[in-house]
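4 protein chains.
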Amino acid sequence: MSKQLKIGIIGIGRIGKLHGNNLSFSVPNAKIEAVADLSLNDEMRAWAQGVGILKIYDNPAQVFADPAIEAVFICSSSESHADLIIQAARAKKHIFCEKPIHTDAGRIREALAVVKEAGVKLQVGFVRRFDHNHKKVRDVVASGRMGKPHIVKVTSRDPEQQSMEYIGTSGGIFLDMTVHDFDMVRYLSGSEVTEVTAIGTIKIDARIREFSDVDTAIVLLKFENGAIGVIDNSRAARYGYDQRVEVHCDKGCVQDYNDLIDTAMISTKDGIYSERPRWFFLERYNQAFIAEAQAFTDAILNDTEPSVTGIDGLMPVLIAKAAQKSLNEGRMVKLSELI
Amino acid sequence: MSKQLKIGIIGIGRIGKLHGNNLSFSVPNAKIEAVADLSLNDEMRAWAQGVGILKIYDNPAQVFADPAIEAVFICSSSESHADLIIQAARAKKHIFCEKPIHTDAGRIREALAVVKEAGVKLQVGFVRRFDHNHKKVRDVVASGRMGKPHIVKVTSRDPEQQSMEYIGTSGGIFLDMTVHDFDMVRYLSGSEVTEVTAIGTIKIDARIREFSDVDTAIVLLKFENGAIGVIDNSRAARYGYDQRVEVHCDKGCVQDYNDLIDTAMISTKDGIYSERPRWFFLERYNQAFIAEAQAFTDAILNDTEPSVTGIDGLMPVLIAKAAQKSLNEGRMVKLSELI
Amino acid sequence: MSKQLKIGIIGIGRIGKLHGNNLSFSVPNAKIEAVADLSLNDEMRAWAQGVGILKIYDNPAQVFADPAIEAVFICSSSESHADLIIQAARAKKHIFCEKPIHTDAGRIREALAVVKEAGVKLQVGFVRRFDHNHKKVRDVVASGRMGKPHIVKVTSRDPEQQSMEYIGTSGGIFLDMTVHDFDMVRYLSGSEVTEVTAIGTIKIDARIREFSDVDTAIVLLKFENGAIGVIDNSRAARYGYDQRVEVHCDKGCVQDYNDLIDTAMISTKDGIYSERPRWFFLERYNQAFIAEAQAFTDAILNDTEPSVTGIDGLMPVLIAKAAQKSLNEGRMVKLSELI
Amino acid sequence: MSKQLKIGIIGIGRIGKLHGNNLSFSVPNAKIEAVADLSLNDEMRAWAQGVGILKIYDNPAQVFADPAIEAVFICSSSESHADLIIQAARAKKHIFCEKPIHTDAGRIREALAVVKEAGVKLQVGFVRRFDHNHKKVRDVVASGRMGKPHIVKVTSRDPEQQSMEYIGTSGGIFLDMTVHDFDMVRYLSGSEVTEVTAIGTIKIDARIREFSDVDTAIVLLKFENGAIGVIDNSRAARYGYDQRVEVHCDKGCVQDYNDLIDTAMISTKDGIYSERPRWFFLERYNQAFIAEAQAFTDAILNDTEPSVTGIDGLMPVLIAKAAQKSLNEGRMVKLSELI
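Taken in sequence, the protein lines are chains A, B, C and D.
For the first sequence, full-length UniProt numbering gives the first residue as 1, with consecutive numbering after it.
For the second sequence, full-length UniProt numbering gives the first residue as 1, with consecutive numbering after it.
For the third sequence, full-length UniProt numbering gives the first residue as 1, with consecutive numbering after it.
For the fourth sequence, full-length UniProt numbering gives the first residue as 1, with consecutive numbering after it.
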């Protein structure tokens, strides 16, 4: 291997450690030069040492100031993302940033402007694009062999509801959960969303009403290329992480189904029993997280455009806001109303 | 066999002959006493004789006047259904009527009133309720073992577009195609639709624009019981008749997939190839047509309520009209606006 | 319809009535002219009248003597088949005969000689060849597109054990059950079996030991074309009728799986549940029985060779005897030892 | 992490590096203390340094002499395994040894005797036992919930033929390929093989005839517990690594099917296309290799019996020899003839 990308990780909570392990053990041309966390504790220190990271900082500024570091992984809490992108860009570090960049579109645009001016690369952490199943569906559609897309469908259901604390600060189902699916429909359709209509209902936990939120939702979408689409969400599927996509095109349909825990089938007089889907995103998308980190590393080392750009970070947030507006006002909302 | 229901078939085009063959060969307690068609021709006559039907009339009135006949199958052209229901009911014949009863809700109500007054039974031909796959999904949901329904989804795509002549007089995609799916979501959810939003696009044949119609559509639905739903339609799926339903509930998901032409799998270095879904409704629902005729026959002979009632004939037409209104006006439409 | 084949059915027990119903209702160019049964009773008479058969005889000789009859379906008890074939052939009737022709190879050869001399056509009732799934596998192999066959596999398990009375007079598992699979491997491989090795065990009901029989068996096969094969059998699969075939060839593998009762899937935290295979041969092969009767009718009317010939009736019996000899003597047995 | 097992790897060819990477990156309680290879070269050195291994030896004796090392992974060429086991045992190191221990049963017994005397633990590298699919099948059978096993079936086909050089020194298909399946049937059935019958054919490459070997084979098996079984093998399946197992029991059947490359389905008028199985053992069993190394590490650290013992290393070799004898002599062979 010729050259390794020197990386600093900012924020070493669950997702920071996940990226840290992947970069250390599964991305051969990446090297973690340093980690930083404002709430650095012994457990984080022990993890970093175990992985073999020598520089352990308690302030992101130390990462930005370190000339050995070429790129950063921003894995801190969501509200800090935009600020850290701006600081990283000014320090001329390439940036991988966990989603969302920010929940305020203005702040996202500001961060993207600084990135552009600094001439650094930015990849946003929409990890599902790197899932082997979804990517295959998208690649078949993008190849044009099925003709033009007509209908784009995404089923996306979490296995179990998160805590009420989490939900209360999540920004609502569309910004928290569906934002991934908004990215997915853009990825699958190869087109921008122009209009959304959302309906929702509370079926899982009545306490969510306090947050003016819903736990079960369907969103209709129109795309610039004339295709139409639909996403359905649930915060509690019970049987695992239900993540299926489908694109109906001129010449037929491309779809995927869930990865199951195993392929065993038990046939008895009561029927055929098989395993459920993998439990949640850590299980389903574990290989996708590696592929995502590998793609970022390769894009920087080869000086190519990252596959998930700043615009890809901005658009799903705008669509989420339009969906929320549609739900609140009981009408179809054009994206152009928000831009 | 104790007793056979004496049936007269009105209209012996494609669907009339289909029911005629099923009643003759596959419904042991049914007997076709007579057939009638205003456009009776030699081919119809030959078919009826081949099946062993002795009374071949050129006017439905002869069927209504025949005291040997206990029930009629109305299989004539759609616009005649309501009139024939009224005449049949007044003649005290039990009625199986192909869908739709009428495209005008007022005329449907009028016919239902006469049926009620006459005290005869009426079953409407929503054959998909008798499909072994859809029925299993519905039975599991209706059993309550999965808890309450949250999301109801129907995928419904025809294999190839019908002729422009057909489409031009079809009443539009919602009254012609989706009407079956509107019945299906009522059947699956066990609840009434309260509100619909429809979007559509033209992706298959631009000539459809002349009829202010679309060939690809998605309809969002809200139900009285708080569930939400979605239907997606295409007039040309290319790979066969795509007929899948899914109900997500408190405890998990119940869904079906398509019946394939056969179960053979061919594995080569290029991948695994298997057969496509059965081609169209005659192939997919052939057993369902038999089950439907059997259910009607049993309901009459056993004096029980038919499983698809007059209200089941009315509601999908109202929903279709709401969907059309939503598409035309670009807004969510409450069913109450139409009633 | 130009012309109908006039058929007489001999033996109107379960299988005779099955063919009778199929010929009456599902094979348009067949017509049942007469039925005959030596144990004719009221129930048989009622069935025949219900189906519209006018000539109801109590002796097969009346069928053979009836000049209106062109072909016979021999559906009587197995031990009478060879005799009836001989009588039918001498009466110049074309013959469909249920399997097996006889359990004595000499008697089969005798019957085939008379058939040949009489110049009538004979089709043997190996109905599985007409199953849509198995036929597709065979057609793909026979097309040559996968190259030459290497390995032929058949899984064949009954859902529940038959009664001990039945088993005691069945001639043993190989002549009773596996005989169908011996036909299937010849059909799939397009080659003759040259050598067999059988092993068996008693796992379901110890009483079978009295008949020196087994209830669970595996048979290894060598074919003239150099392919090898294996069949596994059980008299009690519990989960339905397990009927799967697989042919591995130069370029890959062609296989089928079971038709399930329906395609519904129920996903919960306990896993995914789906329906079991169709219960037994009446459910699994009901369409195949129709296709078989249709093929015979067409072959006679079009003067073409039936697709399952007299040799196809002879060879599986010889293989079954070789398998029994292998089981008894604990060694590989060459077919040439028996011929 | 409390304690890490200090491991020395002997032989750092393809499989040695595979275990090395897994132990380094995916087995948290394992630590590679040293590696040794008699043909140590720069590439091996670079790999070891990259993984962070500090002691890089050119002689296994250095590993055995190193008091810091608690256990060894024997990954050298097959013929050296028995000798190295003996040396490792005498040096009081716990042993993980790649399969086969030796092709000579006497040498295996000798090695096992030394292991026993030394009181060290030995695990043999039958990695398929750790595959999530096969393990699930076995666990269901072993739980007893399906009752007793009747029929055990293994389909095991390589994607592409190895080189003639490899095949010529492989010891024949049964010792090279089927040996894994012989382990699998023992694992699935929970019983010892008592008798085998093998047939084979040459269908892929005629040059294999020079080695008196075959490339396509089926092996029949009888088990001590009265179950019977069958394995079918091909050296060139073309469509990927076909690895399926099936156990038919009192109450039904437990089986698995292949992991596919992805779950995408493409439906067009030509049928439904999906991906083929994963290509070969590195792709299919990559997680199983990790689970295997984890299980060994845990067994040593927790002082429990390894899940694949020395007897598990011996028996498949004996069965392979019986299969070869059966093929050569054209008869059933009892294992007792070889012991």
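Heads up, the beta-carbon is just placed ideally off N, CA and C, and yes, glycines get one too.
Nothing here was measured: the structure is a model prediction, and the numbers come from that model.
Taking Cβ-Cβ distances shorter than 7 angstroms, what residues in chain B pair up with residue i?
{"i": "Val230(A)", "result": "Ile218, Val230 and Asp232"}
{"i": "Asp259(C)", "result": "Thr263"}
{"i": "Gly52(A)", "result": "What Gly52(A) touches in chain B: nothing, since even the nearest Cβ is about 41 angstroms away."}
{"i": "His102(A)", "result": "The contacting residues do not exist; His102(A) stays about 30 angstroms from chain B at best."}
What are the boundary residues of the alpha helix (DSSP H) that residue i is part of?
{"i": "Met315(C)", "result": "Gly310 to Glu329"}
{"i": "Pro60(B)", "result": "Pro60 to Ala65"}
{"i": "Asp181(D)", "result": "Val179 to Ser189"}
{"i": "Ser24(C)", "result": "Arg14 to Phe25"}
{"i": "Asp42(B)", "result": "Asp42 to Val51"}
{"i": "Gln161(B)", "result": "No alpha helix (DSSP H) holds Gln161(B); DSSP gives it neither H nor E."}
{"i": "Ile86(A)", "result": "His81 to Arg90"}
{"i": "Ile108(B)", "result": "Ala105 to Ala118"}
{"i": "Val137(C)", "result": "His132 to Ala142"}
Closer than 8 angstroms by beta-carbon distance: list the chain A residues that pair up with residue i, in chain order.
{"i": "Gly252(D)", "result": "Ile266, Ser267, Thr268 and Lys269"}
{"i": "Gly330(B)", "result": "Met332"}
Quick one: what's residue i bridged to in DSSP?
{"i": "Glu195(D)", "result": "Lys222(D) and Lys334(D)"}
{"i": "Leu282(C)", "result": "The partner list for Leu282(C) (beta bridge, DSSP) is empty, contrary to what the question assumes."}
{"i": "Met265(B)", "result": "Ser274(B) and Gln255(C)"}
{"i": "Pro100(D)", "result": "Pro100(D) pairs with nothing; no bridge assigned."}
{"i": "Thr297(D)", "result": "DSSP, once it has assigned bridges, lists no residue as partnering Thr297(D)."}
{"i": "Leu260(D)", "result": "Pro277(D)"}
{"i": "Glu155(B)", "result": "In the sequence on display, residue 155(B) carries Thr and not Glu. Asp232(B) and Arg244(B), per the DSSP bridge assignment."}
Which residues in chain D have a C-beta closer than 9 angstroms to the C-beta of residue i? List them in chain order.
{"i": "Gly313(C)", "result": "Within 9 angstroms Cβ-Cβ: nothing; Gly313(C) doesn't reach chain D, min ~27 angstroms."}
Kindly give me the distance between the Cβ atoms of residue i and residue j, rounded to whole angstroms, as I take these residues to be in contact under 8 angstroms.
{"i": "Glu70(A)", "j": "Lys6(A)", "result": "5 angstroms"}
{"i": "Met332(C)", "j": "Gly330(D)", "result": "6 angstroms"}
{"i": "Met184(A)", "j": "Val245(A)", "result": "6 angstroms"}
{"i": "Val124(C)", "j": "Gly252(C)", "result": "Actually they do not touch by this definition, with Cβ atoms about 32 angstroms apart."}
{"i": "Ser307(C)", "j": "Ala295(C)", "result": "6 angstroms"}
{"i": "Ser267(C)", "j": "His248(D)", "result": "At roughly 26 angstroms, the Cβ-Cβ gap does not stay under 8 angstroms, so Ser267(C) and His248(D) are not in contact."}
If the cut is a Cβ gap below 7 angstroms, which residues of chain C does residue i touch?
{"i": "Ser274(A)", "result": "Gly271 and Ile272"}
{"i": "Lys136(B)", "result": "Asp262 and Ala264"}
At a CB-CB cut-off below 7 angstroms, which residues of chain A make contact with residue i?
{"i": "Tyr239(C)", "result": "Ser267, Thr268 and Lys269"}
Should residue i be flagged as near chain E, meaning a C-beta pair shorter than 9 angstroms?
{"i": "His81(C)", "result": "In the structure shown, chain E does not exist; the protein chains are A, B, C and D."}
Residues of chain C with CB closer than 9 angstroms to the CB of residue i, please, in chain order.
{"i": "Ala227(D)", "result": "Thr201, Lys203 and Thr216"}
Just to make sure I have the definition right: I need the residues of chain A whose C-beta is within less than 9 angstroms of the C-beta of residue i. Which are they?
{"i": "Asp242(B)", "result": "His248 and Cys253"}
How is the beta strand (DSSP E) around residue i delimited, first residue to last?
{"i": "His248(B)", "result": "Asp242 to Cys249"}
{"i": "Asn233(C)", "result": "Ile228 to Ser234"}
{"i": "Ile7(B)", "result": "Leu5 to Ile10"}
{"i": "Ala71(C)", "result": "Ala71 to Ile74"}
{"i": "Ile56(C)", "result": "Lys55 to Tyr57"}
{"i": "Val35(A)", "result": "Ala30 to Ala36"}
{"i": "Gly214(A)", "result": "A quick correction: the sequence has Val, not Gly, at residue 214(A). Premise fails: Val214(A) is in no beta strand (DSSP E) and is neither H nor E."}
Applying a beta-carbon distance threshold of less than 7 angstroms, which residues of chain D neighbour residue i?
{"i": "Asn133(A)", "result": "Asp262, Thr263 and Ala264"}
Which residues in chain C have a C-beta closer than 8 angstroms to the C-beta of residue i? List them in chain order.
{"i": "Asp256(B)", "result": "Asp262, Thr263, Ala264 and Met265"}
{"i": "Val179(B)", "result": "Near Val179(B) there are no residues of chain C at all, since even the closest Cβ is about 24 angstroms away, more than 8 angstroms."}
{"i": "Val152(B)", "result": "Simply none; closest approach about 15 angstroms."}
Can you list the residues of chain B that residue i reaches, using a CB-CB cut of under 9 angstroms?
{"i": "Lys325(A)", "result": "Those do not exist, as Lys325(A) stays about 14 angstroms from chain B at its closest Cβ, beyond 9 angstroms."}
ask   = Got a sec: which bits of the segment 7-37 of chain D sit with their beta carbon under 9 angstroms from any beta carbon on chain A, in order along the chain?
value = Listed in sequence order: Asn21, Ser24, Phe25, Ser26 and Pro28.
Residues of the segment 183-199 of chain B with Cβ closer than 7 angstroms to any Cβ of chain A, in chain order = Thr197 and Ile199
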